[in-house]
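Residue numbers (the numbering used here): 1329 to 2197.
Here it is, written out as structure tokens:
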């Protein structure tokens, strides 16, 4: 029986060893959390192909699909088609939605198949790139990973086998004792015992290995189980984002198909005409050009969406943090392009649809959208006025809701009763705490930030606040977007006047919330106010149809005062709803007072700051919640209502244009600050460029200084031999104390050499080699030579101390000084390099800090880079 800890054991001691732990984890959890296995394998694959690209200098700071394409088109590295196919299968199997546009049939695989694919990829790579390390892959085969339960059963079997082997050994030992006289049988039995012991040891080793593997696998499974919801949440978020982009494509595809059908219908109509003038031809050509622009925009959107999804997946699955940052930054540009192409498409489809109608009617009346003229007029005067008039605590409450919605949502009670004392108290406590934090910030600054927040929520292009016309257009568009979001609400009753629709919708919301309290004690004042309003409102001509809606239960045209008041007492909330339905934004102030009165009856107290309190009631009653787009759609309309509320209850309807001027002044201050930071950043960038250049020059100089140092050391070493030759060839050497010893040794050595040579001449080379006398002379020669070396060293050292060799010895000192000087220059230059590195590092940190400040300002003030005239 063979045991391996993992199918990927062969990765050890190779360049792919870093993936070993991750793949072992993928094996361990594949039967328990298959989605995690797919994710891990994709992460490993993305890292692997990025390493390949970097190794062969292929652009690698791109998303996974683009990276694979870069490798494909590159001639620097060749990958077989089946390996590319495996790449694609692993990528699209990472999660259900993965690469929707690229997911052909037959690519869905089981996690074990995915593991086998990455195994095959690595075996192929190692065989081609690291042949020596991977000669063994010829014998490597992939086996389906075992579950903990299966391995436990295996352990039981192995344990039984081990016990059995032990019993067999004991039986054989007993047999040996019984047959002690038969040596041959004993030898055979001993051999059997040895063989069984080896088998038993092997089983015990596997037993230990399996236990260790079970423990490791159990730990990995438990770890993944703890974090499983986090994994799934990330995948769900990724799927949600991809679905959003796909919904955009599906919606535009549907519009494009519809447009193509309309175009064919018009073409058929034109073909049937007996005559066509130039205007018809021009119109047909114009329609085709418009449709072609829409087609091109759609194609661009499909490509951008693929790239957007590819980046999303790579950001989620890549191990490379730097790549993630690069792609996150790229996503911003892609989104800008998507929005741009989406706008082109929508603009052209809209224009095209308008022109199709005109073509069918055979008219040359081109209804150019009179955006300039329309935008010069304020379409929603109430909101425009309210936005510039709101101030103080009311302005701050709206700002707090807009900027702290997540905190508010997590703080408030999620109970069905929206206006419980507990919920209101928590909300008001949070608002008061934030009000304290905002007390030193001016109304103008808060209003400016709120303006940009509304623009973001409405998902409209940034409008320059200092451009009055664009400012007005932005506010109008915000109202339309808020109304558009409310249309999707089932209980929203649309109005021709959008302000009416929004305001009455939220009045109804407050009414519904109050209704849930069910402890209203109706008094006569409330009955009279409801009665008077219904009587006054039902008489209006515009309410004829609305009255008929209620005929089934209340004949508002003919009902008597007594019956109507009795109905109000019996069903106050139902009649309040009828009253609101009959009204418009002009009655908003009256409706607010009545609802606050109802709240007072319920709570047994009246609020002092009525409008601020009602703003809180409206927000709580609106039950704003959700994430991303849902939160955006819920939040924008209630913010509009909170702002409009100020104008609807105001007696003074004059617009405070001074507040607009103050907004502009704040914007100028922020832009001035932004420009100062930008200039400082630019100065720092120039400074760092200069430092890097200086550092590079120092590094070049360091190379030369090191050469000079090495040359000085080499000169010093060379002079040692030269100094020795000077001493040994100088006549002054006889003055040195060791000279007599050296000279005597030299004489003995020469005498021994002479005797050896004479012996060779006399007896011949062979006989002299075996002569004891010659061996003695050779030994003498060797001994003298050895002693001469020691004597020579002594002579050199003595010469260094004697004045008559001072000149020759002083060269050493000069060379040492040169070495020390060269070393000092090297060290000083290296210190300068380190100082430059430190400066570069500090300035880089400062640049990053400045960049962060700039991004923060840009995030808050969307048009901060616009040119002010």
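Every residue gets a Cβ at the ideal spot worked out from N, C-alpha and C, and that includes glycine.
Let's test the definition: count the other Cβ atoms within 10 Å of the Cβ of residue i and tell me whether it reaches 16, buried, or not, exposed.
| i | result |
| --- | --- |
| residue 1638 | buried |
| residue 1494 | exposed |
| residue 1975 | buried |
| residue 1387 | exposed |
| residue 1487 | exposed |
| residue 1793 | buried |
| residue 1734 | exposed |
| residue 1717 | buried |
| residue 1888 | exposed |
| residue 2027 | exposed |
| residue 2054 | buried |
| residue 1911 | buried |
| residue 1602 | The predicted position of residue 1602 is uncertain, since its pLDDT is 47 and thus under 50; no value can be drawn from it. |
| residue 2141 | exposed |
| residue 1700 | In this predicted model, residue 1700 has a pLDDT of only 42, less than 50, meaning its place in the structure is not dependable; the value taken from the coordinates is given anyway. With fewer than 16 other Cβ atoms within 10 Å, it is exposed. |
Could you tell me whether the Cβ atoms of residue i and residue j are closer together than 8 Å?
| i | j | result |
| --- | --- | --- |
| residue 1972 | residue 1783 | no |
| residue 1776 | residue 1680 | no |
| residue 1344 | residue 1450 | yes |
| residue 2164 | residue 2063 | no |
| residue 1535 | residue 1483 | yes |
| residue 2037 | residue 2151 | yes |
| residue 2111 | residue 2040 | no |
| residue 1365 | residue 1458 | no |
| residue 1866 | residue 1884 | yes |
| residue 1721 | residue 1940 | yes |
| residue 2185 | residue 1925 | no |
| residue 1786 | residue 1809 | yes |
| residue 1622 | residue 1673 | yes |
Ordered along the chain, which non-local residues of its own chain (more than five positions away) have a Cβ less than 6 Å from that of residue i?
| i | result |
| --- | --- |
| residue 1492 | none |
| residue 1820 | 1814, 1833 |
| residue 1727 | 1774, 1778 |
| residue 1378 | 1388 |
| residue 2179 | none |
| residue 1772 | 1990, 1991, 1994 |
| residue 1835 | 1908, 1919 |
| residue 1694 | Here residue 1694 scores only 27 on pLDDT, less than 50, and its place in the model should not be relied on; the value that follows carries that caveat. Nothing meets the Cβ criterion. |
Can you list, in chain order, the residues of its chain whose CB lies under 7 Å from that of residue i, leaving out five sequence neighbours each side?
| i | result |
| --- | --- |
| residue 1448 | 1414 |
| residue 1655 | 1391, 1639, 1642, 1643 |
| residue 1569 | 1640 |
| residue 1811 | 1826, 1829, 1830 |
DSSP three-state call for residue i: helix, strand or coil?
| i | result |
| --- | --- |
| residue 1694 | Residue confidence for residue 1694 is low, a pLDDT of 27 falling below 50, so the modelled location carries little weight; the figure read from the coordinates is stated next. The answer is coil: DSSP assigns residue 1694 none of H, G, I, E or B. |
| residue 1817 | coil |
| residue 1868 | coil |
| residue 2140 | helix |
| residue 1435 | coil |
| residue 1570 | helix |
| residue 1642 | helix |
| residue 2051 | helix |
| residue 2075 | helix |
| residue 1851 | coil |
| residue 1911 | coil |
| residue 1325 | Because residue 1325 is not part of the residues shown, which for the chain are 1329 to 2197, the question remains open. |
| residue 1458 | coil |
| residue 2119 | helix |
| residue 2217 | No statement about residue 2217 is possible, as the shown extent of the chain runs from 1329 to 2197 and does not include it. |
| residue 1386 | coil |
| residue 1341 | coil |
| residue 1625 | helix |
| residue 1884 | coil |
| residue 2190 | coil |
| residue 1927 | helix |
| residue 1470 | coil |
Can you give me the Cβ contacts of residue i inside the same chain, cut-off strictly under 8 Å, excluding the 5 residues immediately before and after it?
| i | result |
| --- | --- |
| residue 1336 | 1347, 1348, 1351, 1352, 1355, 1447, 1450 |
| residue 2175 | 2009, 2012, 2013, 2016 |
| residue 1710 | 1827, 1913, 1972, 1975, 1976 |
From the beta carbon of residue i, is the nearest beta carbon of chain D less than 8 Å away?
| i | result |
| --- | --- |
| residue 1780 | As a matter of chain content, chain D is missing from the structure shown, which is built from one protein chain. |
Should residue i be counted as a contact of the ligand COA given a C-beta to heavy atom distance under 7 Å?
| i | result |
| --- | --- |
| residue 1804 | For the structure depicted, the ligand COA is absent and the ligand set is empty, with no information on it obtainable. |
Any chance you could list the alpha helix (DSSP H) runs of at least 4 consecutive residues sitting entirely within the region 1755 to 1826, in chain order?
-> 1771 to 1786, 1796 to 1815
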